[in-house]
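Structure first, commentary second.
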Amino acid sequence: TYYFNYKGSVDDFKKLNKQSIAFTKDKVLYTNGKGDILPGNYHGFIEEVVNFSEINLLLENEKQAALINLSSYIESAFARYNAVYSIAIYSIIQISMYILMIIILAAIMQLYRFKYGVFMSFLESVKVIVFCMTIPALLSFIVGIFVHFSFVPIIFQFGSGVLLMFLLIKYGDKEFA
Numbered sequence: 014t015y016y017f018n019y020k021g022s023v024d025d026f027k028k029l030n031k032q033s034i035a036f037t038k039d040k041v042l043y044t045n046g047k048g049d050i051l052p053g054n055y056h057g058f059i060e061e062v063v064n065f066s067e068i069n070l071l072l073e074n075e076k077q078a079a080l081i082n083l084s085s086y087i088e089s090a091f092a093r094y095n096a097v098y099s100i101a102i103y104s105i106i107q108i109s110m111y112i113l114m115i116i117i118l119a120a121i122m123q124l125y126r127f128k129y130g131v132f133m134s135f136l137e138s139v140k141v142i143v144f145c146m147t148i149p150a151l152l153s154f155i156v157g158i159f160v161h162f163s164f165v166p167i168i169f170q171f172g173s174g175v176l177l178m179f180l181l182i183k184y185g186d187k188e189f190a
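Letter by letter, the sequence shown follows residues 14 to 190 of the numbering used here.
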């Protein structure tokens, strides 16, 4: 539910038991209907009046475009919360992916037991993999400062795999044969 030109108190708005957005004179408020409130501002709004009577008289596709435009203004009022949420979720997913990658590579390294009979344990494999990830991580960090960010994970993942493969091929026969 939308409340335009809302003049009630924030506490009254908090007590609403449904998801709502209120437009006050100087801020935009959102409640999830459970007593939580998220304040926003009019930073993303343009300096023009939104006339809903005109929007209602527009053709269907023009009306849809006008409402999408309005919703983008509302979304920009809460942009700082979206950024924090996006960064947190992205970081959690990336860390989870790398932990999964380490576990999978350590499990694949255990297949070398068929060739050598005696080979490093799973925990030792994890330590070697983390060691092999250090150099590509530092290289990716340095490259990421100067080059576009989307190229950095490629350097890290490719470099980690190549370095690990090199170590296994070069030193596998010497250490475990």
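Just so it is clear, CB atoms sit at the ideal spot from N, CA and C, and this is done for glycine as well.
(1) Alpha carbon to alpha carbon, how far is I167 from F36? Give it in angstroms, no decimals.
(2) In whole angstroms, give me the CA-to-CA distance for F127 and V141.
(3) Where does V41 fall in DSSP's three states?
(4) Mapping the DSSP letters down to three states, classify L51 as helix, strand or coil.
(5) Are F58 and Y86 close, meaning C-beta to C-beta below 8 angstroms?
(6) Please report the straight-line C-alpha distance between M110 and G21, rounded to a whole angstrom.
(7) Would you tell me roughly how many angstroms separate the C-alpha atoms of V41 and E73, rounded to the nearest one?
(8) Taking 8 angstroms as the limit between beta carbons, can you name the residues of its chain near Y125, skipping five residues before and five after?
(9) Please state whether the Cβ-Cβ distance between F26 and T44 is less than 8 angstroms.
(10) Report the option in V175, K183, G157 and D24 whose CA atom is closest to the CA atom of D49.
(11) Figure out for me which residue from A78, A119, F154 and G172 has the closest Cα to the Cα of S134.
(12) Quick check: what's the CA-CA separation for L113 versus S104?
(13) Give me, in chain order, the residues of the same chain whose beta-carbon lies closer than 8 angstroms to that of V143; leave out the 5 immediate sequence neighbours on both sides.
(14) Suppose contacts are defined by Cβ-Cβ distances below 8 angstroms. Is Y98 in contact with L51 by that definition?
(15) If you draw a straight line from the C-alpha of A79 to the C-alpha of E67, how long is it?
(16) For S33, report the span of its beta strand (DSSP E) as first-last.
Quick answer:
(1) 45 angstroms
(2) 19 angstroms
(3) strand
(4) strand
(5) yes
(6) 47 angstroms
(7) 28 angstroms
(8) F132, L181, G185 and F189
(9) yes
(10) D24
(11) A119
(12) 14 angstroms
(13) I115
(14) no
(15) 10 angstroms
(16) S33 to F36
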